[in-house]
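Visitor: If you count the sequence shown from 1, position 122 lands on 122 in full-length UniProt numbering, and the numbers rise without skipping.
Starting off with a structure, shown below.
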Amino acid sequence: MNPILLSAEALSVQRGDRLLIEGLGFTLSAGEGMHLTGTNGAGKTSLLRVLAGLGHALEGLVNVRAGARLIYLGHALGLKPELTVTENLRFLLQVTDLKEKTTVDEALSEVGLARYFDIPVANLSAGQKKRVGLARLLLEPADLWLLDEPFSALDARSCQWLCDRIDLFLAEGGAVLLTSHQQVPVRHPLRRLELGAR
1 MNPILLSAEA
11 LSVQRGDRLL
21 IEGLGFTLSA
31 GEGMHLTGTN
41 GAGKTSLLRV
51 LAGLGHALEG
61 LVNVRAGARL
71 IYLGHALGLK
81 PELTVTENLR
91 FLLQVTDLKE
101 KTTVDEALSE
111 VGLARYFDIP
121 VANLSAGQKK
131 RVGLARLLLE
141 PADLWLLDEP
151 FSALDARSCQ
161 WLCDRIDLFL
171 AEGGAVLLTS
181 HQQVPVRHPL
191 RRLELGAR
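What follows is the structure, encoded as structure tokens:
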């Protein structure tokens, strides 16, 4: 039996005065993927932020397995527009004090940005900025990925690349929880968790 990497128990989440999620419970084990769905305003982003430790639950518990390394990629990619693509990723690695799994140049080449190493992020399209953010998945060692709308702004080729990366990560024993308004055509079966709007 694969170890549980993430669990939520009786979790309630609110935004402002609005209760979004009440009494939610689930587990996510190594090698398992979960597709979080729901209408706009159902609390998908708020839930991911709570699970990543960036927000607070109204009630309940979130447990991340001791020693498990987590990457959260949200709507805001945390990129500095005045820095180049390469400088952004090197800065991120310094701030998080992480040892990179692969070189920044290799990661950028894999996400299709080999010609953009020295281009300021401000000059990139939305899809290119998203790919810079996704390069983190190649650079940072992790056991668990929390991905909020990772396919938004990506072209078909980049979407397929991300699906292949998710499949590989799951096959290697990682766990993925992602939100998406579209179908997620990964080969690995994904559990579905649907949130209802209140």
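Don't be surprised by glycine CBs; every beta carbon is placed ideally from N, CA and C.
Computed from a predicted structure; not experimentally measured.
In whole angstroms, give me the CA-to-CA distance for residue 21 and residue 54.
Guide: On the sequence shown, residue 21 is found 21 positions in, with the first residue counted as 1. On the sequence shown, residue 54 is found 54 positions in, with the first residue counted as 1. Answer to the nearest angstrom: the Cα atoms are 16 Å apart.
Visitor: Can you tell me which of the three DSSP states residue 119 falls into?
Guide: As a position in the sequence shown, residue 119 is number 119, starting the count at 1. Here residue 119 sits in coil by DSSP.
Visitor: Going by DSSP in three states, residue 154 sits in which element: helix, strand or coil?
Guide: Along the sequence shown, read from residue 1 onward, the residue named residue 154 stands at position 154. DSSP places residue 154 in coil when its eight states are reduced to three.
Visitor: Taking one C-beta from the stretch 140-148 and one from the stretch 107-121 each time, how about it: are there three or more such pairs within less than 8 Å?
Guide: Cβ pair count under 8 Å is below three, so no.
Visitor: So, helix, strand or coil for residue 182, using DSSP?
Guide: Position 182 of the sequence shown holds residue 182. Coil at residue 182, not helix or strand.
Visitor: Hey, out of 189, 174, 196, whose CA is closest to residue 146's CA?
Guide: Counted from its first residue, the sequence shown places residue 146 at position 146. Of the listed residues, the one whose Cα sits closest to residue 146 is 174.
Visitor: Taking the alpha-carbon of residue 77 as reference, which of 59, 44, 148, 169 has the nearest alpha-carbon?
Guide: The residue given as residue 77 occupies position 77 in the sequence shown. With distances taken between Cα atoms, residue 77 lies closest to 148.
Visitor: So if DSSP puts residue 146 in a beta bridge, which residue, or which two residues, is it bridged to?
Guide: The count along the sequence shown starts at 1 and reaches residue 146 at position 146. Bridge partners of residue 146: 72, 177.
Visitor: Considering only DSSP beta bridges, list what residue 33 is partnered with.
Guide: On the sequence shown, position 33 is the one that residue 33 refers to. Answer by DSSP bridge pairing, in chain order: 176, 190.
Visitor: Sort 94, 87, 122 by Cα distance to residue 108 and report the nearest one.
Guide: Here the question's residue 108 lines up with position 108 in the sequence shown. The candidate whose alpha carbon is nearest that of residue 108 is 87.
Visitor: Let's test the definition: count the other Cβ atoms within 10 Å of the Cβ of residue 36 and tell me whether it reaches 16, buried, or not, exposed.
Guide: Taking the sequence shown and counting its residues from 1, the one referred to as residue 36 is at position 36. Buried is the call here.
Visitor: Where residue 197 and residue 47 are concerned, what is the direct C-alpha to C-alpha distance, given to the nearest angstrom?
Guide: By 1-based counting over the sequence shown, the position of residue 197 is 197. By 1-based counting over the sequence shown, the position of residue 47 is 47. Caution applies to residue 197, whose pLDDT of 46 falls short of 50 and renders its modelled position unreliable; the model cannot decide the point.
Visitor: Report the three-state DSSP secondary structure of residue 197 (helix, strand or coil).
Guide: Along the sequence shown, one-based indexing puts residue 197 at 197. Confidence is the limiting factor: at residue 197 the pLDDT is only 46, short of 50, which leaves the residue's position unreliable, though a coordinate-based value still follows. Here residue 197 sits in coil by DSSP.
Visitor: Taking the Cβ atom as the reference point for each residue, do residue 127 and residue 158 lie within a distance shorter than 8 Å?
Guide: Position 127 of the sequence shown, counted from the start, is the residue given in the question as residue 127. Position 158 of the sequence shown, counted from the start, is the residue given in the question as residue 158. In contact: residue 127 and residue 158 (Cβ atoms closer than 8 Å).
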